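Below is one structure, written out as structure tokens; the observations come after it.
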Amino acid sequence: MAGVRRILGLDPGLQRTGWGIVEAQGSRLVHIANGVVTSDAEASLSERLRDLHDGITAVIAAWSPTSAAVEETFVNKNPVSTLKLGQARGIALLVPALHGLAVREYAPNHIKKSVVGTGHAAKEQIHAMVRLLLPGVEIANADAADALAVAICDAHHGGGMGRLLQRAGQR
Numbered sequence: 285m286a287g288v289r290r291i292l293g294l295d296p297g298l299q300r301t302g303w304g305i306v307e308a309q310g311s312r313l314v315h316i317a318n319g320v321v322t323s324d325a326e327a328s329l330s331e332r333l334r335d336l337h338d339g340i341t342a343v344i345a346a347w348s349p350t351s352a353a354v355e356e357t358f359v360n361k362n363p364v365s366t367l368k369l370g371q372a373r374g375i376a377l378l379v380p381a382l383h384g385l386a387v388r389e390y391a392p393n394h395i396k397k398s399v400v401g402t403g404h405a406a407k408e409q410i411h412a413m414v415r416l417l418l419p420g421v422e423i424a425n426a427d428a429a430d431a432l433a434v435a436i437c438d439a440h441h442g443g444g445m446g447r448l449l450q451r452a453g454q455r
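Using this note's numbering, read the sequence shown as starting at 285 and increasing by one per residue.
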């Protein structure tokens, strides 16, 4: 199908990185798959990062996305947790780039506004809208739902439509 984008959305986390894939053609969205990549909390940091790398690589191999979008993260109160989350986010940015995918980043409030209409929506509202926008979707868990929201946001703002809106000054 011409003009179809298969978008991999990633919600990075060291223990659980949610992923979701949607296809976008114009304003039409279709759910393809979703899930979570996990790492063992008892393993070393390097092993956990390797597990995230390998898991995201497997998702890309299995579902052949054409682009990727990653949620930006806020700073936590705990600097050690913030650093570890940043390293997991680095893997989420790196792996799609290594596979030649364009990778875009979106702030949490931007994702919420794109999916729900308000930048301060609760997680329950986001998940309900994901279900509404992707009829019949079976969401693996909250992390996968968040990743699908990232992919939906990119479908609305990334790629061709995002460039057109930006040029028109509507973004």
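Ideal Cβ placement from N, Cα and C applies to all residues, glycine included.
A quick note: this is a predicted structure, and the numbers were derived from the prediction, not measured.
Cβ shell of residue i (< 7 Å), same chain only, five flanking positions each side left out
i: A381; result: V387
i: L377; result: V354 and V387
i: D295; result: T301, G302, E355, D427, D430, A431 and V434
i: Q299; result: T322, S323 and A325
i: G442; result: S351, A353 and R388
N-terminal and C-terminal residue of the beta strand (DSSP E) that residue i is part of
i: G319; result: R312 to T322
i: L457; result: The requested residue 457 does not occur in the structure, where the chain is confined to residues 285 to 455.
i: A308; result: R300 to Q309
i: E355; result: S351 to E355
Residue i versus residue j: straight-line alpha-carbon distance, rounded
i: K331; j: I423; result: Here residue 331 is Glu; the residue named in the question, Lys, does not match the sequence. Whole-angstrom Cα-Cα distance: 27 Å.
i: S311; j: V321; result: 29 Å
i: S365; j: G297; result: 10 Å
i: A439; j: P363; result: 33 Å
i: G287; j: D335; result: 33 Å
i: D324; j: L333; result: 10 Å
i: E408; j: L367; result: 27 Å
Contacting residues, own chain, Cβ-Cβ under 8 Å from residue i (five flanking each side not counted)
i: V399; result: A405, I410, M413, V414, L417, A433, I436 and C437
i: Q371; result: L298, L329 and L333
Assigned exposure category for residue i - 16 Cβ within 10 Å defines buried
i: N360; result: exposed
i: P392; result: buried
i: P419; result: exposed
i: A308; result: buried
Neighbourhood of residue i by C-beta, 6 Å cutoff - its chain only, sequence neighbours within 5 removed
i: A317; result: I305 and W347
Range covered by the alpha helix (DSSP H) that runs through residue i
i: A346; result: L329 to W347
Contiguous beta strand (DSSP E) assignments of at least 3 residues, all confined to the region 371-452: 386-390
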